[in-house]
Amino acid sequence: LYCTKQHMTIRPATAMTTMKACQGRGYGAPQDMLTVEPNVKPPTLADIPPKKRKDWAIIKVHAVALAPGDCRVLSGKTSPLQGPPSFPYVPGGDVCGVITKLEEDAPADLAFTVGDRVCAMFHE
């Protein structure tokens with residue numbers, strides 16, 4: 151993902167226990183297999199393999215796009231090369247929002263901090 155940033159102050163908050171998310175339940179056309187669910191468990195840094203965690207952030211998403219690449223992946227046509235790790239799957243690599251969590255031992259030279267407004271998109 152490529153990211154750009156702008157900083158804003160965020161109020162400390164308790165951890166979210168649920169989020170609203172669009173989920174794919176299997177391969178198929180988006181209009182047939184995507185549903186919006188109101189009570190999805192949000193991701194945590196613990197969901198990321200330990201060796202990769204220091205470079206990842208949790209973003210409270212304000213807007214997301216279902217891009218052509220998401221539709222291609224969810225169609226199943228590219229599953230031998232790329233596909234969801236499991237279902238249900240929350241698509242959306244093109245997002246904007248606010249960083250709410252970074253790994254405690256994130257590199258000192260990391261370009262992002264908690265409170266940064268960011269936008270990210272998949273890039274090949």
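Note that my numbering numbers the sequence shown so that position 101 is 251, with each residue one more than the last.
Ideal Cβ placement from N, Cα and C applies to all residues, glycine included.
Distance between residue 223 and residue 233, taken at the CA atoms: about 5 Å. The beta carbons of residue 214 and residue 242 sit about 4 Å from each other, so the pair counts as a contact at 8 Å.
In this structure, DSSP gives residue 200 a helical state, which the three-state scheme calls helix. Spanning the alpha carbons of residue 257 and residue 203 requires a straight line of approximately 11 Å. 168 is the residue among 221, 168 and 248 whose C-alpha sits nearest the C-alpha of residue 192.
As the crow flies, the alpha-carbon of residue 249 is around 19 Å from that of residue 200.
A residue is called buried when at least 16 other Cβ atoms come within 10 angstroms of its Cβ; residue 252 meets this threshold and is buried.
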